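In terms of the working numbering, the sequence shown opens at residue 17 and continues consecutively.
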Amino acid sequence: MKKIILGITGASGAIYAKRILEVTAGHCELDVIASQSSNLVFQEELDIDLDDLLKSYKHVKVHDYKNFLSPLASGSNDFDAYLVAPCSMKTMGQIRFGIGETLLTRVGDIAFKERRKMLLLVREAPFSTVHLENMLRISEMGAIIFPASPGFYHNPQDINSLVDFIVGRVLKTIGLDIKLTKSWKT
Ligand SMILES: Cc1cc2nc3c(=O)[nH]c(=O)nc-3n(C[C@H](O)[C@H](O)[C@H](O)COP(=O)(O)O)c2cc1C
Numbered sequence: 017m018k019k020i021i022l023g024i025t026g027a028s029g030a031i032y033a034k035r036i037l038e039v040t041a042g043h044c045e046l047d048v049i050a051s052q053s054s055n056l057v058f059q060e061e062l063d064i065d066l067d068d069l070l071k072s073y074k075h076v077k078v079h080d081y082k083n084f085l086s087p088l089a090s091g092s093n094d095f096d097a098y099l100v101a102p103c104s105m106k107t108m109g110q111i112r113f114g115i116g117e118t119l120l121t122r123v124g125d126i127a128f129k130e131r132r133k134m135l136l137l138v139r140e141a142p143f144s145t146v147h148l149e150n151m152l153r154i155s156e157m158g159a160i161i162f163p164a165s166p167g168f169y170h171n172p173q174d175i176n177s178l179v180d181f182i183v184g185r186v187l188k189t190i191g192l193d194i195k196l197t198k199s200w201k202t
């Protein structure tokens with residue numbers, strides 16, 4: 017079974033992280049690191065306590081974002097991909113510059129040094145020149161910058177369809193081809 021690390025930050029788009037948690041059950045082992053701001057955004061956008069939500073999934077192992085004693089903080093930890101979803105501009109900037117201030121950004125540093133697959137589902141609008149520079153450099157260093165901007169050519173009828181458009185493609189890009197036909201928990 018694939019081992020995926022999921023970083024959840026305080027960017028808008030908590031619904032993407034929620035859907036990733038939901039659809040990956042039974043498909044991979046998921047080590048999750050949630051930033052300090054992520055819970056605030058979960059409350060604001062979904063009225064959900066992220067800590068409670070994480071506890072409800074059997075395939076999820078939670079790691080405190082401040083805990084550098086976590087096995088994830090070591091380069092010898094094995095994983096198939098690091099996915100940050102949604103990814104804030106702050107976390108993206110820290111990952112770009114190798115600033116391992118939290119476990120979230122430390123894993124980004126490890127993904128680069130160990131040449132592991134990394135995908136950042138970035139969310140901001142508009143982008144500043146700093147954001148664009150960071151994205152270019154991260155892409156040049158081998159990670160995937162994936163904008164949280166769904167297509168509309170599949171004639172989406174609701175927000176869940178837009179979310180699944182992104183989540184399905186993100187997971188496929190990191191090697192998890194999951195058919196998103198499961199019903200939505202609301
Ligand atoms: C409701 C809400 C929405 C936010 N949306 C974004 C966003 O889309 N992109 C972003 O970069 N920051 C956004 N922020 C700001 C980040 O939460 C803030 O920069 C935070 O320091 C990010 O820290 P983290 O990357 O450690 O989670 C948002 C904050 C709140 C409260």
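Ideal Cβ placement from N, Cα and C applies to all residues, glycine included. The structure presented is a predicted model; accordingly, all values stated were derived computationally and were not measured.
Next item on the list: Just grab the DSSP bridge partners of Val-138 for me.
Entry: Position 122 of the sequence shown, counting from 1, holds the residue named residue 138. Answer is Cys-103 and Pro-163.
Checklist line | Same chain only: Cβ atoms within 6 Å of Ile-24, ignoring 5 sequence neighbours per side | finding: Your numbering for residue 24 matches position 8 in the sequence shown. Closer than 6 Å at Cβ, skipping near neighbours: Ala-33, Ala-50 and Ser-54.
Next item on the list: Decide if Met-108 is buried, meaning its Cβ has at least 16 other Cβ atoms within 10 Å, or exposed.
Entry: What you label residue 108 is simply residue 92 of the sequence shown in a count that begins at 1. Met-108 is buried by the Cβ-count criterion.
Item checked: Leu-56 CB to nearest heavy atom of ligand 1 below 7 Å -> On the sequence shown, position 40 is the one that residue 56 refers to. Answer for Leu-56: yes, Cβ within range of ligand 1.
Note to self: Just to confirm the assignment, what range does the beta strand (DSSP E) spanning His-79 have?
What the structure shows: Position 63 of the sequence shown holds residue 79. First-last of the beta strand (DSSP E) with His-79: 76 to 79.
Next item on the list: Mind reading off the beta-carbon distance from Ile-190 to Ile-20? Whole number of angstroms is fine, and I expect it under 8 Å.
Entry: The residue given as residue 190 occupies position 174 in the sequence shown. The residue given as residue 20 occupies position 4 in the sequence shown. Correct: roughly 7 Å between the Cβ atoms.
Check: Using a Cβ-Cβ cut-off of 8 Å (strictly less than) and excluding sequence neighbours within five positions of Asn-205, which residues of its own chain qualify?
Finding: Nothing can be reported for residue 205, as the shown portion of the chain is limited to 17 through 202.
Check: Is the stretch 163 to 170 touching the stretch 35 to 42, taking contact as three or more C-beta pairs under 8 Å?
Finding: no
Notebook entry, point to check: Could you give the distance in angstroms between the alpha-carbon of Val-212 and the alpha-carbon of Arg-185?
Noted result: With the chain running from 17 to 202 in the structure shown, residue 212 is simply not present.
Item checked: Given 8 Å, three or more beta-carbon pairs between the stretch 58 to 68 and the stretch 88 to 105 -> Verdict: no, contact absent.
Item checked: DSSP beta-bridge partners of Asp-47 -> Residue 47 sits at position 31 when you count from the first residue of the sequence shown. Per DSSP, Ile-21 and Lys-77.
Notebook entry, point to check: Expressed to the nearest angstrom, what Euclidean distance is found between the alpha-carbon atoms of Arg-139 and Ala-27?
Noted result: For this step, residue 139 is matched to residue 123 along the sequence shown. For this step, residue 27 is matched to residue 11 along the sequence shown. C-alpha separation (whole angstroms): 6 Å.
Notebook entry, point to check: By how many angstroms is the C-alpha of Val-78 removed from the C-alpha of Ser-72?
Noted result: Mapped onto the sequence shown, residue 72 falls at position 56. Mapped onto the sequence shown, residue 78 falls at position 62. For Ser-72 and Val-78, the distance between alpha carbons rounds to 11 Å.
Checklist line | Assigned secondary structure, Ala-30 (DSSP; H/G/I helix, E/B strand, else coil) | finding: Counted from its first residue, the sequence shown places residue 30 at position 14. Note: Ala-30 maps to helix in three-state DSSP.
Next item on the list: Report yes if the CB atom of Ile-154 is closer than 8 Å to the CB atom of Leu-136, and no otherwise.
Entry: For the purposes of this step, residue 154 is taken as residue 138 along the sequence shown, with counting starting at 1. For the purposes of this step, residue 136 is taken as residue 120 along the sequence shown, with counting starting at 1. Closer than 8 Å, so yes.
Margin query: For Ile-235, tell me which candidate among Met-17, Ala-97, Glu-61 and Ala-30 has the shortest Cα-Cα distance.
Written below: A question about residue 235 goes unanswered here, because the residues of the chain that appear run from 17 up to 202.
Item checked: Proximity of Gly-91 and Glu-45 at Cβ, strictly below 8 Å -> Here residue 91 refers to the residue found at position 75 when the sequence shown is read from its first residue. Here residue 45 refers to the residue found at position 29 when the sequence shown is read from its first residue. No, the pair does not count as a contact, with Cβ atoms beyond the cut-off.
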